[in-house]
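Read in this note's numbering, the sequence shown has 41 at position 29, and its numbers run on one by one without any break.
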Amino acid sequence: AICQPGCKHGECIGPNKCKCHPGYAGKTCNQDLNECGLKPRPCKHRCMNTYGSYKCYCLNGYMLMPDGTCSNALSCLMANCQYGCDVLKGKVRCRCPSPGLQLGPDGRTCV
Numbered sequence: 013a014i015c016q017p018g019c020k021h022g023e024c025i026g027p028n029k030c031k032c033h034p035g036y037a038g039k040t041c042n043q044d045l046n047e048c049g050l051k052p053r054p055c056k057h058r059c060m061n062t063y064g065s066y067k068c069y070c071l072n073g074y075m076l077m078p079d080g081t082c083s084n085a086l087s088c089l090m091a092n093c094q095y096g097c098d099v100l101k102g103k104v105r106c107r108c109p110s111p112g113l114q115l116g117p118d119g120r121t122c123v
């Protein structure tokens, strides 16, 4: 397949047809996609668009968790959870990142 002009951030999959890499858009994949404007929003608190990607930030007093959500920093640090935590009605509960894992007997690690 021939693409004229070429696909800047993607691959040519047919005559003048580009398949863009994640984070890029446009006929030749030359435009940065603003992921922060997508629905559902990719970040819980604050989102900053970067070239070809984005970064999540949390408000003061919150910590960015591995899954991109924000949790109360002080409570989570004190709970010493393996994968971050949620604070619901003032109660700290450690979380596990994938459906196959569950909270172990210590209430902090995932098994």
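Beta carbons: idealized from backbone N, C-alpha and C, even for Gly.
{"Item": "Alpha-carbon spacing of Y74 relative to C88, whole angstroms", "Value": "9 Å"}
{"Item": "Endpoints, the beta strand (DSSP E) within which L76 is located", "Value": "74-76"}
{"Item": "Pairwise C-alpha distance: M60 and C32", "Value": "21 Å"}
{"Item": "Backbone CA spacing between A37 and G112 [nearest angstrom]", "Value": "34 Å"}
{"Item": "Inter-residue spacing [alpha-carbon to alpha-carbon] between H57 and K67", "Value": "11 Å"}
{"Item": "Proximity of G64 and G35 at Cβ, strictly below 9 Å", "Value": "yes"}
{"Item": "Start-to-end residues for the beta strand (DSSP E) that takes in S83", "Value": "82-84"}
{"Item": "Nearest candidate by alpha-carbon position, reference L100, set C82, G49, P117", "Value": "C82"}
{"Item": "Helix, strand or coil at A91 [DSSP, three-state]", "Value": "helix"}
{"Item": "Endpoints, the beta strand (DSSP E) within which T121 is located", "Value": "Taken as a continuous stretch (DSSP letters only), T121 belongs to no beta strand (DSSP E), as it is neither H nor E."}
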